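Shown next, in structure tokens, is the structure this report addresses.
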Amino acid sequence: MSFLFSRTKQKSPAELVRSLSDVLGRVESAEQRRQKGSDDASRLLLQIRQVLYGDQENDPVPDQIAALAQEVYATDVLVGLAANLHALEFDARKDVVVVFTTLLRRQIGTRSPTVDYLATKPQIMDSLITWSASPDLALTAGAIVRDCVRYEPLARLVLNSPLFWNYFEYVTTGPFEVATDSFATLHDLFSDHGPTVSEFLTRNAGPFTLKMAGLMGSENYVTKRQSVKLMAHIIRQRSNYAFMTEYINDAGNLKQVMNLLRDRSKNIQYEAFHIFKVFVANPKKGRPVADILVKNKQKLLTFLSDFHSDRKDDDSFKDEKAFLIKQISALPQPHSGTQPLPPQPPPQQQVGGPSILTPATTAPPPVVHAEPVHRSGDYFQAGHHYSNNRKQSHPLPSTP
């Protein structure tokens with residue numbers, strides 16, 4: 001740390017950035033030069049951080065920040081920092097996060113010049129997505145990506161990257177810190193920027209649903225619960241109506257959600273309920289989905305009558321459950337042959353009451369490890385028509 005007490009002439013902000021750009025070209029060379037380059041990068045990043053934040057004696061100077069930012073754009077030093085993140089020391093990586101997040105917040109009038117710059121450099125996001133697979137780098141890379149995707153142009157850049165799909169693999173197979181950080185990025189990507197998310201889902205409905213089904217069937221409790229909760233959020237956003245319609249007209253999705261209603265965790269059951277209610281409330285159910293609901297009508301009514309009956313203070317949940325019971329009761333009997341389903345009126349929102357298609361207003365319950373809610377392995381059946389001739393009931397297939 002002797003460089004902190006150096007008596008050499010202080011470099012200008014532009015000179016600091018140019019020096020850092022030169023140093024980053026050395027960190028991948030021979031071991032001895034790499035160590036020297038890493039040390040120099042740490043020193044320069046600390047000085048750049050002081051320009052951006054000031055120190056105990058001096059406040060940051062706007063003109064110096066502007067000069068530094070212009071040189072950052074001109075030298076593409078952010079490209080080098082993202083590509084060589086693995087070669088930097090731990091403290092230097094933290095300074096890289098500061099550089100990215102501080103420059104991202106910089107505005108000139110209504111413009112965000114750093115956002116505009118990063119939108120033209122997809123290789124930066126690709127490098128950060130790649131490093132998100134490393135236990136040593138995931139927290140740093142993930143923090144930068146999540147700061148970036150707060151801005152819609154950069155969220156669109158990440159969603160359009162072929163490497164975006166790697167996040168699902170990181171969540172599924174990565175160690176705890178990688179899986180947790182990667183899911184946090186997925187959550188942030190799909191929690192904002194409605195038009196961009198809707199456009200992505202319209203183009204990628206099939207593969208996205210398949211990837212999410214894998215996470216919703218995970219053996220990891222946290223991954224499973226958060227994935228179900230995220231899917232419930234996605235399909236209840238008005239901007240995602242086209243995706244929601246496709247999702248709730250797929251019988252395979254209904255089977256998975258019905259199995260999740262019987263998960264051993266009450267919290268997962270509760271999150272699955274908020275997806276299941278959209279299937280039931282749909283006034284234009286496709287035949288395969290309607291077949292399953294009709295075939296399991298009586299079992300669903302029995303199941304729902306006692307479903308989370310301990311949530312006595314949750315008026316929104318009680319209203320929604322009552323609505324589902326009413327809708328399922330109105331379905332034809334399983335023995336009604338090929339008689340077409342009667343048209344169902346669209347769900348009506350009572351004055352002063354919640355809509356079945358809007359998110360619940362109550363906070364998620366605390367983690368509770370509960371016994372499985374099921375009667376037998378074939379409690380629900382996956383029917384394809386209303387025939388009396390079917391001798392045996394078929395259990396819903398378990399999610400792989």
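Following the UniProt record's numbering, the numbering of the sequence shown begins with 1 at its first residue and continues without gaps.
From the three backbone atoms N, C-alpha and C, an ideal C-beta is built for every residue, glycine too.
This one's a predicted model, so the numbers in the text were calculated from it and none came from an experiment.
Cα-Cα separation between residue i and residue j, rounded to whole angstroms
{"i": "Ala-322", "j": "Val-149", "result": "39 Å"}
{"i": "Asp-116", "j": "Ile-328", "result": "51 Å"}
{"i": "Asp-59", "j": "Leu-68", "result": "15 Å"}
{"i": "Val-222", "j": "Pro-62", "result": "44 Å"}
{"i": "Met-258", "j": "Met-125", "result": "37 Å"}
{"i": "Pro-135", "j": "Pro-207", "result": "27 Å"}
{"i": "Ile-292", "j": "Ser-127", "result": "45 Å"}
{"i": "Ala-119", "j": "His-187", "result": "21 Å"}
{"i": "Leu-46", "j": "Glu-169", "result": "35 Å"}
{"i": "Lys-277", "j": "Pro-332", "result": "18 Å"}
{"i": "Thr-180", "j": "Ala-133", "result": "11 Å"}
{"i": "residue 466", "j": "Phe-100", "result": "Residue coverage of the chain in this structure runs from 1 to 400, which leaves residue 466 outside it and unanswerable."}
{"i": "Lys-284", "j": "Phe-183", "result": "33 Å"}
{"i": "Lys-11", "j": "Thr-130", "result": "33 Å"}
{"i": "Pro-13", "j": "Thr-140", "result": "24 Å"}
{"i": "Ala-232", "j": "Asp-306", "result": "22 Å"}
{"i": "Val-178", "j": "Asn-166", "result": "12 Å"}
{"i": "Thr-362", "j": "Glu-320", "result": "Since pLDDT at Thr-362 reaches only 38, below the 50 mark, its modelled position is unreliable, and the value read off the structure follows with that caveat. Answer to the nearest angstrom: the Cα atoms are 13 Å apart."}
{"i": "Pro-195", "j": "Gln-56", "result": "44 Å"}
{"i": "Pro-175", "j": "Phe-317", "result": "36 Å"}
{"i": "Ala-213", "j": "Lys-224", "result": "10 Å"}
{"i": "residue 403", "j": "Lys-255", "result": "Absent from the structure is residue 403, since the part of the chain shown begins at 1 and ends at 400."}
{"i": "Ala-272", "j": "Gly-217", "result": "12 Å"}
{"i": "Lys-266", "j": "Leu-78", "result": "46 Å"}
{"i": "Pro-397", "j": "Leu-260", "result": "For Pro-397, the pLDDT reaches just 40, beneath the cut-off of 50, and the residue's location in the model is therefore unreliable, although a value from the coordinates is still provided. So the alpha carbons of these two residues sit roughly 12 Å apart."}
{"i": "Thr-114", "j": "Leu-159", "result": "19 Å"}
{"i": "Val-228", "j": "Leu-104", "result": "32 Å"}
{"i": "Phe-200", "j": "Pro-162", "result": "12 Å"}
{"i": "Glu-246", "j": "Gln-237", "result": "14 Å"}
{"i": "Phe-303", "j": "Ser-112", "result": "53 Å"}
{"i": "Thr-209", "j": "His-274", "result": "17 Å"}
{"i": "Ala-83", "j": "Leu-215", "result": "29 Å"}
{"i": "Lys-295", "j": "Thr-173", "result": "37 Å"}
{"i": "Glu-89", "j": "Gln-70", "result": "26 Å"}
{"i": "Asn-204", "j": "Val-171", "result": "19 Å"}
{"i": "Thr-202", "j": "Gly-54", "result": "46 Å"}
{"i": "Leu-137", "j": "Ile-268", "result": "31 Å"}
{"i": "Arg-264", "j": "Lys-312", "result": "21 Å"}
{"i": "Gly-25", "j": "Lys-211", "result": "38 Å"}
{"i": "Arg-106", "j": "Asp-40", "result": "26 Å"}
{"i": "Gly-352", "j": "Thr-102", "result": "Reliability fails at Gly-352, whose pLDDT of 39 lies under 50, so the model's placement of it is uncertain and no value is given."}
{"i": "Lys-94", "j": "Leu-81", "result": "12 Å"}
{"i": "Glu-15", "j": "Glu-219", "result": "52 Å"}
Beta bridge counterpart(s) of residue i as assigned by DSSP
{"i": "Ser-191", "result": "Its beta-bridge partners do not exist; DSSP assigns none."}
{"i": "Ile-108", "result": "Arg-111"}
{"i": "Ser-198", "result": "For Ser-198, which the question treats as bridged, DSSP gives no partner whatsoever."}
Residue i: first and last residue of the uninterrupted alpha helix (DSSP H) it sits in
{"i": "Phe-164", "result": "Unbroken run through Phe-164: none, as it is neither H nor E."}
{"i": "Asn-240", "result": "Here Asn-240 belongs to no alpha helix (DSSP H), and DSSP marks it neither H nor E."}
{"i": "His-233", "result": "221-235"}
{"i": "Gln-10", "result": "That residue, Gln-10, is in no alpha helix (DSSP H); it is neither H nor E in DSSP."}
{"i": "Glu-71", "result": "62-75"}
{"i": "Gly-252", "result": "251-260"}
{"i": "Ala-290", "result": "287-295"}
CB contact flag (residue i, residue j, <7 Å)
{"i": "Leu-157", "j": "Pro-122", "result": "yes"}
{"i": "Asn-240", "j": "Ser-198", "result": "yes"}
{"i": "Val-145", "j": "Thr-185", "result": "yes"}
{"i": "Val-96", "j": "Arg-49", "result": "no"}
{"i": "Leu-52", "j": "Leu-20", "result": "no"}
{"i": "Thr-75", "j": "Val-23", "result": "no"}
{"i": "His-193", "j": "Ala-155", "result": "yes"}
{"i": "Pro-288", "j": "Ala-251", "result": "yes"}
{"i": "Ser-42", "j": "Ala-87", "result": "no"}
{"i": "Asn-253", "j": "Gly-286", "result": "no"}
{"i": "Ile-234", "j": "Phe-164", "result": "no"}
{"i": "Leu-324", "j": "Val-280", "result": "yes"}
beta-carbon residue i near the ligand ATP non-hydrogen atom, thresh 6 Å
{"i": "Ser-309", "result": "The ligand ATP is absent from the structure shown, which contains no ligands of any kind."}
* Go through the region 302-334 residue by residue and report every complete run of the alpha helix (DSSP H) that reaches 4 residues or more, in order. => The region 302-334 contains these whole alpha helix (DSSP H) runs: 315-329.
* **alpha helix (DSSP H) segments (min. 4 residues) lying fully within the region 120-186** => Listed in chain order, they are 122-131, 138-148, 152-160, 166-173.
* Asked: At what residue ranges does the region 79-107 contain a whole run of the alpha helix (DSSP H), taking only runs of 4 or more?
  -> Within the region 79-107, the complete alpha helix (DSSP H) segments of 4 residues or longer fall at 90-104, listed in chain order.
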